[in-house]
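The structure appears below as structure tokens.
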Amino acid sequence: MFPGEIDVQPSIYLDHLGTIFARFGTDTQDSGNVSYGVQTPSARYFVKTAGDPANTDPYLDFDGRVALLRNAVDLAESAVHPALPTLHAVIESPGGPLLVYDWRDGELLGVNRPAHERFRALPVDEILTALDTLYDLHADLDAAGWVEGDFYDGAMLYDFPTRRLTVMDLDTYRRGPHRNDMGRMFGSSRFMAPEQHSLGAPIDSRTTAYVMARAALVFLSDPPPGLYAVLQEATTTRFPSYSAFHRAWLSARGR
Numbered sequence: 002m003f004p005g006e007i008d009v010q011p012s013i014y015l016d017h018l019g020t021i022f023a024r025f026g027t028d029t030q031d032s033g034n035v036s037y038g039v040q041t042p043s044a045r046y047f048v049k050t051a052g053d054p055a056n057t058d059p060y061l062d063f064d065g066r067v068a069l070l071r072n073a074v075d076l077a078e079s080a081v082h083p084a085l086p087t088l089h090a091v092i093e094s095p096g097g098p099l100l101v102y103d104w105r106d107g108e109l110l111g112v113n114r115p116a117h118e119r120f121r122a123l124p125v126d127e128i129l130t131a132l133d134t135l136y137d138l139h140a141d142l143d144a145a146g147w148v149e150g151d152f153y154d155g156a157m158l159y160d161f162p163t164r165r166l167t168v169m170d171l172d173t174y175r176r177g178p179h180r181n182d183m184g185r186m187f188g189s190s191r192f193m194a195p196e197q198h199s200l201g202a203p204i205d206s207r208t209t210a211y212v213m214a215r216a217a218l219v220f221l222s223d224p225p226p227g228l229y230a231v232l233q234e235a236t237t238t239r240f241p242s243y244s245a246f247h248r249a250w251l252s253a254r255g256r
């Protein structure tokens, strides 16, 4: 259904592909990327692009944004999980690659959005089930060699009627342990591990464990004692790896 390459700008192609019912650009986020919701006769798709090549306002220039999109393709091809939208196609264009994903219904859980408090007010068991999904996804990503980068609640989409969690925008995850080469890395201070503020510090699966624990502490106002102990260890004395954190979480959950 999708060509491997087009010779027109992304928005022109998408206008011909179907009906653009949503656009996410500089008015909704500051990455420089521009994404679209597209309705075709057979399905809905979420299409992500690197945005306007001439836009120099974002931290990353156009080439940097394209590089992150290609990194997102690598991640999508290395891990298949129900929480990740399926990547159907990568279309090359004069405006960079178009990444064509499933469209997922839901509401973003970012702190400044109404859905954030609505999610926090859900029964604890429902929140824990969503966290189980998040942690299971990261177990798969960890096994594939990925280390967390710039994860926060705005990367979580929750469909309240179906209780389905979708995780998106993992473009800045990296393969394998590495060193902090930025000083203060991309991310929300509510989630970031100490090493993500320190130039030259090692970034590895311990970092992923810390950030995932912070996600639970952000959403659970009163975690069950056994789980709270796991979350505290992940953010103080620290687990030696993400897998150790995940095993401790599952044990405390009685799994």
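So the number in this note's numbering is just where the residue sits in the sequence shown, counting from 1, plus 1.
Glycine included, every Cβ here is placed at the ideal spot set by N, Cα and C.
query                                                                                                                   : result
C-alpha gap between residue 240 and residue 249, whole angstroms                                                        : 9 Å
For residue 180, three-class secondary structure by DSSP                                                                : strand
Minimum C-alpha distance to residue 74 - residue among 48, 61, 58 and 96                                                : 48
Enclosing alpha helix (DSSP H) for residue 136 [first to last residue]                                                  : 125–144
Local conformation of residue 222 per DSSP, three classes                                                               : coil
Buried versus exposed call for residue 60 [16 or more other C-beta atoms within 10 Å across all chains shown]           : exposed
The region 102–111 touching the region 156–171, judged by at least three CB pairs closer than 8 Å                       : yes
At least three beta-carbon pairs within less than 8 Å, the region 138–151 to the region 201–210                         : yes
Proximity below 9 Å, CB of residue 86 to CB of residue 103                                                              : yes
Whole runs of the alpha helix (DSSP H) within the region 40–112, excluding any shorter than 4 residues                  : 63–79
For residue 199, three-class secondary structure by DSSP                                                                : coil
Own chain residues within Cβ distance below 6 Å of residue 40, not counting five before or after                        : 19, 20 and 22
Residue 157 - partner residues in DSSP beta bridges                                                                     : 168
Straight-line Cα distance separating residue 38 from residue 145                                                        : 29 Å
Enclosing alpha helix (DSSP H) for residue 13 [first to last residue]                                                   : 11–18
Nonlocal neighbours in the same chain, by C-beta distance under 8 Å from residue 54, ignoring five residues either side : 63, 96 and 97
Whether residue 246 touches residue 194 by CB criterion (9 Å)                                                           : no
Given residue 167 as reference, the closest of 141, 131, 253 and 234 once Cα atoms are compared                         : 131
Through-space distance from residue 190 to residue 208, alpha-carbon basis                                              : 13 Å
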